[in-house]
Amino acid sequence: MPGFFLVFFALLLTTTTTTAYQAKLVSSLLKTKQTTVDKLAMVAPGSSEMTRLRFALAFPSQAEATRALKATIAWRAGPGKSIVEAASKAVVEATRNPGEWDNEPVRLAAPHAKTINQFITPKNILTLSSGDGDLVYIIRASAINDGQLMRKVSVKQLSEFFAYVKEVHSIVANARSERTGRLCEVIFANDISGIRLPPNSKFSEALTSSSKQYEQLYPSLAGPTMILNLPLILQAFIALFKPLFPKSVQDRLLFERAPFLASQKELTPLTTSPKSRDRFLAEVQKILR
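According to mature numbering (1 follows the signal peptide of the UniProt record, and there is no 0), the sequence shown holds residues -20 to -1, 1 to 269 in order.
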């Protein structure tokens, strides 16, 4: 029982404070935030309008948005520079053939990929596209040998890996938002199926760092967080869990059953079988409706 609780709370660390899931037209959002977006251009002349819009949406005041953007610029030019550059090059390689996505260049270019890719594979973590253009980031924690992983990498190294994933997601989501006129987000699908043991403490620490990265470096990118296939023994405690989190987080938490996802021995078929992918995405759409 304690193991279930620890895993549950570790996965909740990936939640961030953004608005509830809904269709968002970029044109409408710009109308309400145009002044802030324009002023942020003076802070970061080389930034895209989409990036500035996300900062304007995430912070209640011009001053807070400005401070956050300045901090992000400093990170991208300093500690995160190699991550940002690697992600940019990888996305170019992944989209070399128009209309197609080759994920192998993205996997190979990730920080510490040689080691981490032995443990994080399409069997346990992957990203799909929803029908609306959002990214659906699926994690099955029970399929990750986090103990072995954290014996080979540090918390900092795994945090850098997750930061790279966010940068790739950000590039793709912003490009889609500009192309479609709809603000695209990353929807989290945390599949609790099969969890029996508490997570490695260092792995949990990396998840905590990952959560902070979303709020600090990629505001307004994270969408809803679905906690899927929670064991029956824990479902009765949901009403006790939710008040422990800020209301903005509570509004984004969705505790649901995803029978089709739970029936999959691994996540790989969601990328190799169009039928499996469509069934899962239909399951997600039903939950978010």
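Glycine residues also receive a C-beta, built at the ideal position from the N, C-alpha and C atoms.
- Runs of alpha helix (DSSP H) with 4 or more residues, each lying fully within the segment 120 to 153, are found at 126 to 132, listed in chain order.
- The beta carbon of Phe142 lies closer than 6 Å to those of Ser190 in the same chain, with the five residues before and after it left out.
- Assigned with DSSP and collapsed to three states, Glu73 falls in helix.
- Straight-line measurement puts the Cα of Ile53 at about 9 Å from the Cα of Ser27.
- With a beta-carbon spacing of about 6 Å, Gly113 and Arg162 fall inside the 8 Å limit used to define contacts.
- Each of Asn209, Leu210 and Gln193 was checked against the Cα of Ala202, and the nearest Cα belongs to Gln193.
- In this structure, Val135 lies near Lys182, with their beta-carbon atoms less than 8 Å apart.
- Here the alpha carbons of Glu140 and Leu250 stand approximately 26 Å from one another.
- Leu261 and Ser122 do not touch by the CB rule: their CB atoms are close to 22 Å apart, not below 8 Å.
- Straight-line spacing of the CA atoms in Tyr144 and Val133 works out to 16 Å.
- Contact between Lys13 and Ala43 is ruled out by a C-beta separation of about 15 Å, above the 8 Å threshold.
- For Ile167, the enclosing beta strand (DSSP E) has its first and last residue at Val166 to Asp171.
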